[in-house]
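Working notes, structure below.
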Amino acid sequence: MDEAKQGSDQVFDGLSSISAAAHELKSPLVLVRQLSLMLENAEVSETEKHRMLRQIVLTSEQALRLTNDLTKVARLSDAMFDIEPINPTQLCKDIVCELRPILQANNLDIKLKSCKHPLLLVANRDLLRRIIMNFSDNAINYAGSDAAVEIQIKALSAGKIIRLGVRDYGPALSSDLWRSLRGRLLKSSVPINSRPQSSGLGLYIASQFAEAMNGKIGAIKHRDGATFYVDLQASSQLSLL
Amino acid sequence: MKSVLIVEDDKWLAENYSRVLTGAGYKTTVALNALDAIDAVDDQMPDAIILDVLLTGSTAFAFLNELQSYGDTGVIPIILCTSLASELSLENLAPYGVKQIIDKTIMTPDDLVVALSRVL
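Just so you know, the protein sequences line up as chains A and B, in that order. Numbered according to the numbering used here, the first sequence spans residues 1 to 241. Numbered according to the numbering used here, the second sequence spans residues 1001 to 1120.
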C-alpha cells in the first residue's frame, strides 16, 4: 500500500515537474515566436530589427539555461560533484560580466556588494553558478523599470556560513504569498512559487542544487522587492593561513 | 485616436504589442503589473485593455474585480491575451468585461489589431 502511494507520489511529482517546465518554457517561446513573426511579416526599421534580433538571442539563451538546469537536476542523484573552496567574489564578478548584456537590454543595472575581507566557501562551481544565474534571471523578470539587481555576499554565523543573495527591486510579495513561499522553502520537495505568474521551477532547481552541496536556499521580503539567497559552508582554508 | 492599455509583465512582449498597435494607429500605454495598471486606468481611462492573466504581484482577476467596482471602468472592453486560454471560458469571464480571449501560443501579431477592431 505504502509502495503504491510512493509510486503514485513519484508519478505526480514527475507530472507536476513536467507541467511546471512546460509552463516556464512557454513564455520565452511565445516571445521568440512573436518577434520572429514581426521580423518575417512587418516592415521594421534597421534599428528595430537589430533590437528584436538581440531580444530573440537573449531570450533563447535564458530558455536554454533553464533546459540545461533541468537536465542537470534530473541527473543530480547519479552524478558525482567536485566540491572545492571557491572565492565567491570572483565567481560573482564573472556572473556579473555574463549577465550584463541581458541586463543592459532590459535597462537594468547590476551591482556586486561583497565583504571587504576575503571569503572562501565550499561548493561545486558549476552548481553555484547555476543557482546565482537562476536567482538573477528571476530578478531580471521582476525588477522594476530602470532599477538595479544586486548580488550580495555576506558572512554569517561568525564566518561559518557564506550567504550569496540576489536582490531585486520589483513589486513586493503579498503577505499570503510570502507565507506560502516561506512554507515551501522550508520543505522544498515540490516546485516553489516565487511570484504568482511563475511556476517556481527556477527556485525548485536552485533548491536541488543547494541541497546537493549541503546548502539551503531562502528568501527575504522587502518593502520594494525580494532577496533570494543560498547559504553554504565557509571553507576553513583561510583560517589555516 | 483610440487608446489601449497593455497589461503584460513580459517587458519585451509588451513592447512588441505596443509596436504592433502603434503601427495600426492606436495610442498605447504599458503597465507591467496590476497595480500600475490600476493607476494607468485612473490616469488615462483607456478605450480598451489587453490583459495577460498571470501577472507580477497579483493575477488579472484581482484587476478585473477592481475594474468592475466602478461604473466607468467596468465598461472598458477587455481582451485577455494569455497562454492559459485553453483553461478559460469566455462565458464565465464575460461578466467581468472580457470580450475576447486570445491564445498567446498560437496568435499572430495581427490578431491583436483584429480583436481591437471588433470591440471598439
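We treat Cβ as the ideally placed atom computed from N, Cα and C, and that holds for glycine.
Residue i: contacting residues in chain B (beta-carbon distance under 9 Å)
i	result
A/Gln-55	Trp-1012, Glu-1015, Asn-1016
A/Ala-139	Residues of chain B passing the Cβ test: none, with the nearest at roughly 12 Å.
Identity of the residues DSSP links to residue i by a beta bridge
i	result
A/Leu-164	A/Ile-153, A/Val-230
B/Gln-1100	B/Ile-1079
B/Ala-1031	B/Val-1007
B/Asp-1111	DSSP, once it has assigned bridges, lists no residue as partnering B/Asp-1111.
A/Asp-109	A/Ala-148
A/Pro-85	A/Val-122
A/Ile-102	Its beta-bridge partners do not exist; DSSP assigns none.
B/Lys-1002	BP columns for B/Lys-1002 are empty, so no partner.
A/His-222	A/Gly-225
A/Ile-217	A/Val-230
B/Leu-1051	B/Val-1007, B/Leu-1080
Whole-angstrom distance between residue j and residue i, CA atom to CA atom
i	j	result
A/Ile-162	A/Asn-134	18 Å
B/Asn-1092	B/Phe-1061	12 Å
A/Glu-84	A/Asp-146	37 Å
A/Thr-47	A/Gly-159	50 Å
A/Gln-34	A/Leu-119	45 Å
A/Gln-90	A/Arg-223	30 Å
B/Ser-1086	A/Ile-86	47 Å
B/Leu-1035	B/Asp-1047	19 Å
B/Thr-1108	A/Asn-214	47 Å
B/Asp-1052	A/Leu-232	38 Å
B/Val-1020	B/Thr-1028	10 Å
B/Ser-1083	B/Val-1007	14 Å
A/Asn-218	A/Tyr-229	Correcting the residue identity first, residue 218 of chain A is Gly in this sequence and not Asn. C-alpha separation (whole angstroms): 5 Å.
A/Pro-191	A/Ala-148	Note on A/Pro-191: pLDDT 42, under 50, position unreliable in the model; no value is reported.
B/Lys-1099	A/Met-80	55 Å
A/Leu-99	B/Ser-1069	43 Å
A/Phe-209	A/Lys-26	23 Å
B/Ser-1089	B/Gly-1071	24 Å
B/Ile-1078	A/Glu-211	45 Å
A/Asn-193	A/Leu-203	Residue placement at A/Asn-193 is poorly supported in this model, since its pLDDT is 44, which falls under 50; the coordinates are not used for a value here.
B/Ile-1076	A/Thr-71	45 Å
A/Ser-207	B/Ile-1049	38 Å
B/Gly-1023	A/Tyr-169	32 Å
B/Leu-1013	A/Val-166	24 Å
A/Asn-124	A/Asp-82	6 Å
A/His-50	A/Ser-77	43 Å
A/Ser-188	A/Glu-40	With a pLDDT of only 48 at A/Ser-188, under 50, the local geometry of the prediction cannot be trusted, and the value read off the model is given with reservation. The alpha-carbon atoms of A/Ser-188 and A/Glu-40 are separated by roughly 43 Å.
A/Pro-88	B/Ala-1115	51 Å
A/Ile-56	A/Ser-236	44 Å
B/Asp-1042	B/Phe-1063	13 Å
A/Asp-94	A/Ala-226	23 Å
B/Met-1045	B/Gly-1074	11 Å
A/Asp-9	B/Asp-1110	Low confidence applies to A/Asp-9: its pLDDT is 44, below 50, so where it sits in the model is not reliable, and the reading given next is rough at best. About 44 Å.
B/Tyr-1096	B/Asn-1033	18 Å
B/Arg-1118	A/Glu-24	31 Å
A/Met-52	B/Leu-1005	22 Å
B/Lys-1011	A/Asn-141	8 Å
A/Ile-205	A/Glu-150	21 Å
A/Val-32	A/Ala-143	21 Å
A/Gln-197	A/Val-122	In this predicted model, A/Gln-197 has a pLDDT of only 49, less than 50, meaning its place in the structure is not dependable enough to derive any value.
Residues that residue i contacts on chain B, provided the C-beta gap is smaller than 7 Å
i	result
A/Leu-37	Thr-1108, Pro-1109
A/Asn-134	Chain B residues near A/Asn-134: none, gap ~18 Å exceeds 7 Å.
A/Asn-106	Lys-1011
A/Ala-74	Chain B residues near A/Ala-74: none, gap ~24 Å exceeds 7 Å.
A/Ala-63	Per Cβ cutoff of 7 Å: no residues; A/Ala-63 is ~13 Å from chain B at best.
A/Ala-148	Per Cβ cutoff of 7 Å: no residues; A/Ala-148 is ~16 Å from chain B at best.
Where residue i meets chain A, residues with beta-carbon distance less than 8 Å
i	result
B/Ser-1003	None at all; the shortest Cβ gap to chain A is about 20 Å.
Chain-ordered chain B contacts of residue i [CB-CB under 8 Å]
i	result
A/Ala-123	Result: empty, since nearest Cβ-Cβ is about 30 Å, beyond 8 Å.
A/Ala-158	Residues of chain B passing the Cβ test: none, with the nearest at roughly 37 Å.
- What residues in the region 18 to 34 of chain A bring their beta carbon closer than 7 Å to a beta carbon of chain B? Of all residues in the region 18 to 34 of chain A, Lys-26, Ser-27, Val-30, Leu-31, Gln-34 have a Cβ within less than 7 Å of some Cβ in chain B.
Taking any Cβ of chain A, which residues in the region 1100 to 1114 of chain B have a Cβ under 7 Å from it, in chain order?
Listed in sequence order: Lys-1104, Thr-1105, Thr-1108, Pro-1109.
Practice task
Would you be able to state if there are at least three C-beta pairs under 8 Å between the region 147 to 162 of chain A and the region 102 to 117 of chain A?
Solution key: Taking a cut-off of 8 Å for Cβ pairs, the region 102 to 117 of chain A and the region 147 to 162 of chain A touch, as three or more such pairs fall below it.
Q) Which residues, in order along the region 1075 to 1086 of chain B, keep a beta-carbon less than 8 Å from a beta-carbon of chain A? A) Of all residues in the region 1075 to 1086 of chain B, Ser-1083 have a Cβ within less than 8 Å of some Cβ in chain A.
(request) Give the residues from the region 207 to 234 of chain A that approach chain B closer than 7 Å (Cβ to any Cβ), ordered along the chain. (result) Nothing from the region 207 to 234 of chain A brings a Cβ to less than 7 Å from some Cβ of chain B.
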